[in-house]
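**Q**
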Amino acid sequence: MLTLEHVAMEYLPGHEVLHDVSLSLAPGSFHFLTGPSGAGKSTLLSLLWLQSRASQGNVYMFGEDITRLERADLPRFRRRIGIVLQDYRLLEHLTVAQNVGLPLKVAGESNEEIDAKVEELLEWIGLSEHRDAKPSTLSGGQKQRTAIARAVITKPDFLLADEPTGNLDSELALRFMYLFEALNQTGTTVLLATHDQQLISLFDYPTLRLKDGTLQS
Ligand SMILES: Nc1ncnc2c1ncn2[C@@H]1O[C@H](COP(=O)(O)OP(=O)(O)OP(=O)(O)O)[C@@H](O)[C@H]1O
Ligand SMILES: [Mg+2]
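So for the sequence shown, my numbering puts the first residue at 130; every next one is plus one.
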């Protein structure tokens, strides 16, 4: 599903933040990605979200070499990926419901279908009352729940989640972990970055550990 071969990444020329990362995720697997602050977790996810490029090595996803993917091919890949970014990136001019439904709109679903799916999900995440609110009026945890809903609404082939439970209390964090598990059981490959060792210890999934941009074995 995903293979990285000797991948390096640098934001500024000569300043590598990922070094020689090789890994392989089987289709339908669930992995944690952990490591100290600054280790490169978000950088690795940004690479998989095709937001930044590897400076060395190769990245294969869904059976294709995407290392030097053309810009025009980006949407085709991104449609298959759900992502929860660490800073949420909700669209401020849209309501909560419109943010959550956006991936379905992009995929061309009808307004009736979108409304039904969005309502069901908002109900489940406890944000129905805020459906018409703008993101700026939400608490950190409410924004996070909105971002998660937007990432899972299409039931993507690959879910990338960057500290998705960082702003949630432990009860809500578990509830969302069960949502990710349920998605995983229907075939979604999950990669979840967190520095929460307690959360990791509650689940029996393999953990990838980054330290100073290097994957620990
Ligand atoms: N846009 C950027 N430009 C330059 N350097 C960056 C940029 N984003 C991150 N870095 C650097 O890359 C390294 C890895 O950062 P990254 O955000 O991937 O770490 P992280 O493991 O996600 O940390 P955290 O747990 O705090 O979220 C850090 O040294 C950071 O300073
Ligand atoms: Mg990060």
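Cβ atoms here follow ideal geometry from the backbone N, Cα and C, with glycine treated the same way.
1) Taking the Cβ atom as the reference point for each residue, do L289 and L328 lie within a distance shorter than 7 angstroms?
2) Taking the straight line between their C-alpha atoms, what separation do you get for L131 and S158?
3) Would you call the region 244-252 and the region 275-283 touching, i.e. three or more CB-CB distances under 8 angstroms?
4) If you draw a straight line from the alpha carbon of L198 to that of R209, how long is it in whole angstroms?
5) What does the shell around ligand 1 hold, if a residue joins when its beta-carbon is under 5 angstroms from any heavy atom?
6) Just how far apart, CA to CA, sit L147 and L179?
7) Please report the distance separating the alpha-carbon of Q271 from that of A302.
8) Return the Cβ separation of L344 and V150 in integer angstroms, given the expectation that the two are a contact with Cβ distance under 8 angstroms.
9) Would you check whether ligand 2 has a heavy atom nearer than 6 angstroms to the C-beta of Q215?
10) Are D291 and Q185 closer than 7 angstroms when you measure CB to CB?
11) One question on the structure: do P232 and T266 come within less than 7 angstroms of each other, judged by their Cβ atoms?
**A** Judging by the given coordinates:
1) no
2) 10 angstroms
3) yes
4) 15 angstroms
5) Y140, V146, S166, G167, A168, G169, K170, S171, T172
6) 15 angstroms
7) 12 angstroms
8) 5 angstroms
9) yes
10) no
11) no
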